[in-house]
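**Q** For the sequence shown, the working numbering begins at 316 and goes up steadily by one. For glycine and all other residues, C-beta sits at the position ideal for the given N, C-alpha and C. Being a predicted model, the structure only gives us computed values, none of them experimental. Quick one: structure below, then a few questions.
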Amino acid sequence: MKEYKKLRGEIIDRLQKELKDSRYRHTLGVESTAVALARRFGADEQEASIAALLHDVAKYVPAEEQLEWIRKGKIGAQFPDIDQYPKLLHAFAGAEICAHDYPQLPECVIDAIRYHTTGRSHMGLMEKIIFAADYIEPGRVQFIGLQEAREQTFADLDLGVGLILKQTIAYLEQNGAPCFPLTQEAYKHFVDDSMNVLEKLPGV
Ligand SMILES: [Fe+2]
Ligand SMILES: [Fe+2]
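In structure tokens form, the structure reads like this:
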């Protein structure tokens, strides 16, 4: 990636200003995990680093501003009820903000930011790396299934993504929270459609 070091430095400065300390630490954990996964699975490590650093950049942008970015952005028209899912806004808005602020970034980096919370069916390699790294980064507070998700992801990225989706949907069901359509589609793609995946998954 052209001028990677300079760009990474600029982004780090921005994150230190715009993110809370805990979110900044989480972001660095996602970066190191994403770079390790990129090395393991043959993706571009610098692109993984930048996508990871930027994945939560919109976390503290006011909700109304996030909605404006989404409504005028790539998937705004597709999901008119997006305001019903407040936890997803930062991912979709973040992708639009990054496409605007860093026009040199490849589409795979922008999509990895956009789908890092929901996933989607047919995720590309970089999308899967950021989706999984966000879930398994070393700073995550221990919870049931985390260690399995880490091991599974480094052994087989698709199986890891499937397990994370399974655990995420179980968590949403337990909490009576609605599951976004993209996540349902991702679940069907990475879990339902492959009996091999289901058989290999440990119980949640
Ligand atoms: Fe996020
Ligand atoms: Fe995150």
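Tell me, please, whether the region 410-417 touches the region 369-380 by the rule of three or more beta-carbon pairs shorter than 8 Å.
**A** Result yes; three or more Cβ-Cβ pairs closer than 8 Å.
**Q** Tell me the residue span of the alpha helix (DSSP H) that contains Ala349.
**A** 336-356
**Q** Grab me the residues of Ile425's own chain with a C-beta within less than 7 Å of its C-beta, minus the 5 sequence neighbours each way, in chain order.
**A** Ala410, Cys413, Ala414
**Q** Under 9 Å, do Met441 and Ala363 count as touching if we go by C-beta distance?
**A** Yes.
**Q** For a test of your reading of the model: does the CB of Asp449 fall under 8 Å from any non-hydrogen atom of ligand 1? Yes or no.
**A** yes
**Q** On the criterion of 16 or more Cβ atoms from any shown chain inside 10 Å, does Asp336 qualify as buried, or is it exposed?
**A** So Asp336 ends up on the exposed side.
**Q** From Lys321 to Ile365, what distance separates their C-alpha atoms?
**A** For Lys321 and Ile365, the distance between alpha carbons rounds to 11 Å.
**Q** Shorter than 8 Å, the distance from the beta carbon of Ala414 to the closest heavy atom of ligand 1, or not?
**A** Ala414: no, Cβ never under 8 Å from ligand 1.
**Q** Does Gln482 pass the burial test, meaning 16 or more other C-beta atoms within 10 Å, or should it be called exposed?
**A** buried
**Q** Would the beta-carbon of Lys443 be found less than 8 Å away from any heavy atom of ligand 1?
**A** no
**Q** By Cβ distance, which residues of its chain are closer than 7 Å to Glu360, with the 5 residues on each side in sequence left out?
**A** Cβ neighbours of Glu360 beyond the five flanking positions: Val350, Ala353, Arg354.
**Q** Considering only heavy atoms of ligand 1, does any lie closer than 8 Å to the CB of Lys335?
**A** No.
**Q** Which same chain residues end up closer than 7 Å to Ala464 when comparing Cβ atoms and leaving out the 5 residues on each side of it in sequence?
**A** Same-chain partners within the cutoff: Tyr450, Ile451, Gly475, Leu478, Ile479, Gln482.
**Q** Go ahead and pull the three-state DSSP assignment for Ser436.
**A** coil
**Q** Do Pro395 and Ala378 have their beta-carbon atoms positioned less than 9 Å apart in this structure?
**A** no
**Q** On the CB-based measure, 16 or more other CB atoms within 10 Å of its CB, does Gln393 come out buried or exposed?
**A** Exposed, since its Cβ has fewer than 16 Cβ neighbours within 10 Å.
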